[in-house]
Amino acid sequence: MSLDLDKRQRAMLREMGVRIWQPPPAAAAVPSAIDSVAAYASLAEAEARFDAERQRPPAPAVRPPAATPAPAARAPAAPAPGLAPRPAGIELMAWPALQVAVAGCRACALCTSRKNTVFGVGPEAGEAAPVVDWLIVGEAPGEMEDLAGEPFVGQAGKLLDNMLLALRLQRGNDDALRPGVAKNIFITNVLKCRPPANRNPDPAEVAQCEPYLKRQVELLQPKMILALGKFAAQSLLQDSVPDVQKIPLGKLRGQVHRYLGVPVVVSYHPAYLLRSLGDKAKAWDDLCLAMTQLKT
Ligand code: URA
137 MSLDLDKRQR AMLREMGVRI WQPPPAAAAV PSAIDSVAAY ASLAEAEARF DAERQRPPAP
197 AVRPPAATPA PAARAPAAPA PGLAPRPAGI ELMAWPALQV AVAGCRACAL CTSRKNTVFG
257 VGPEAGEAAP VVDWLIVGEA PGEMEDLAGE PFVGQAGKLL DNMLLALRLQ RGNDDALRPG
317 VAKNIFITNV LKCRPPANRN PDPAEVAQCE PYLKRQVELL QPKMILALGK FAAQSLLQDS
377 VPDVQKIPLG KLRGQVHRYL GVPVVVSYHP AYLLRSLGDK AKAWDDLCLA MTQLKT
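So, in structure tokens, the structure goes:
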């Protein structure tokens with residue numbers, strides 16, 4: 137299958153620093169890291185434009201043991217004034233009910249500072265969940281996502297869109313007509329509400345939000361989950377990878393994990409990639425691994 141892009145569209149993608157994904161020939165390896173460096177070199181420009189959306193430094197290679205939360209720390213926080221228990225029966229909800237439940241959730245303090253909940257974005261859905269092959273899981277909405285009610289709309293989101301375009305994927309509500317580019321992708325986050333000042337998600341907040349993500353996966357039944365960043369990786373792999381909190385993200389890459397039976401590939405968060413040009417090559421390798429796994 138070849139990508140049916142005309143000259144102008146190819147030039148546009150080149151301008152954005154996007155290399156078109158080509159299916160590997162039988163028994164051929166995924167593109168080498170050297171190719172990938174070239175593919176993303178022009179994204180140095182994007183790094184220069186990277187705004188204050190994500191100010192925090194990249195995750196340390198190894199978490200200091202003292203900062204590692206014990207599994208018990210993931211227990212839901214006690215309801216505080218103005219909060220309410222999570223809606224009952226999430227595990228049985230259909231897609232529309234799940235959307236309503238997230239929109240009205242007051243199970244943690246993030247509901248008091250959010251402007252919008254961010255359920256996720258994908259192809260239009262009715263009673264049933266959208267039909268998608270891919271699920272992208274990020275960390276949490278930032279300021280722009282909180283305002284827009286949509287995940288990954290800031291600079292990190294632009295990089296994500298470019299990376300997806302290189303795989304011939306685009307988000308479901310993108311009206312631009314791109315022949316050969318599929319919209320069979322749903323994008324969401326571990327947290328559905330923005331942590332104030334873009335701080336890291338709190339373990340209790342992750343615990344409160346977890347059933348929503350779990351139900352999304354059950355209903356979407358994607359063929360591949362791409363976990364972007366350590367919070368997505370830890371949240372999805374906590375039951376399958378012992379001591380996942382202690383494992384550096386880099387060590388979770390390069391293999392196919394499972395969440396509820398769905399293959400999971402771990403990669404770097406796009407906000408981190410905007411500051412770390414060298415790791416964009418590795419992220420491209422992760423995408424190729426995910427694509428190759430999905431095709432097989
Ligand atoms: N970073 C995330 O992890 N998710 C978003 O939606 C935006 C930025």
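Residue numbers for the sequence shown follow my numbering, so the first one is 137 and each next one is one higher.
Note that CB positions come from ideal geometry on N, CA and C, so glycine has one too.
Query: Kindly identify the DSSP beta-bridge partner or partners of Arg394.; Result: Pro399
Query: If you reduce the DSSP assignment to three classes, tell me which class Gly365 lands in.; Result: coil
Query: Looking at the secondary structure, which residues open and close the beta strand (DSSP E) in which Leu271 lies?; Result: Trp270 to Gly274
Query: Kindly list the residues whose CB is nearer than 8 Å to the CB of Gln306, restricted to its own chain and excluding five residues on each side of it in sequence; keep chain order.; Result: Asp297, Leu300, Ala312, Arg314, Val317, Ala318, Lys319 and Ile321
Query: Could you spell out where the alpha helix (DSSP H) holding Thr253 opens and where it closes?; Result: From DSSP, Thr253 is part of no alpha helix (DSSP H); its letter is neither H nor E.
Query: My output table needs one value for Ala318: the three-state DSSP class, helix, strand or coil.; Result: strand
Query: Measuring from the CB of Asn309, is there a heavy atom of the ligand URA at a distance below 7 Å?; Result: no
Query: Considering Tyr408, what are the terminal residues of the alpha helix (DSSP H) in which it resides?; Result: Pro406 to Leu409
Query: Would the beta-carbon of Asn325 fall within 8 Å of that of Pro287?; Result: yes
Query: Taking DSSP's pairing of strands, which residues face Gly305 in a bridge?; Result: The amino acid at residue 305 is misidentified as Gly; the sequence shows Leu. Bridge partners of Leu305: Ala318.
Query: Would you mind giving the Cβ-Cβ distance between Cys241 and Pro277, rounded to the nearest angstrom? I have them listed as a contact below 8 Å.; Result: Actually they do not touch by this definition, with Cβ atoms about 13 Å apart.
Query: How many Å lie between Gly274 and Lys366 at the Cα?; Result: 9 Å
Query: Report the option in Ala237, Ala233, Gly285 and Met427 whose CA atom is closest to the CA atom of Met360.; Result: Met427
Query: Under a Cβ-count criterion, where at least 16 other Cβ atoms within 10 Å of its own Cβ denotes burial, should Lys431 be classed as buried or exposed?; Result: exposed
Query: Flag this pair as yes or no: are the beta carbons of Val401 and Gln429 separated by less than 8 Å?; Result: yes
Query: Which of the three DSSP states, helix, strand or coil, is assigned to Ile383?; Result: coil
Query: Residues in the same chain with beta-carbon distance under 8 Å from Leu385, minus the five sequence neighbours each way, listed in chain order, please.; Result: Ala195, Gly365, Lys366, Ala369, Val402 and Tyr404
Query: Ends of the alpha helix (DSSP H) at Val342?; Result: Pro339 to Leu356
Query: At the level of alpha carbons, what is the spacing between Val398 and Val268?; Result: 13 Å
Query: Name the DSSP bridge partner or partners of Asn325?; Result: Gly274
Query: Taking only three categories from DSSP, how would you classify Ala182?; Result: Caution is warranted here: a pLDDT of 33 is assigned to Ala182, below 50, making its placement in the model unreliable, and the coordinate value is therefore given only provisionally. Of the three classes helix, strand and coil, the one that applies to Ala182 here is helix, per DSSP.
Query: When we look at the beta-carbon of Gly390 and count the other beta-carbons within 10 Å, is it buried (16 or more) or exposed?; Result: exposed
Query: Note down the Cα distance separating Val438 from Leu372, rounded to an integer number of angstroms.; Result: The question about residue 438 has no answer, for the chain in this structure spans 137 to 432.
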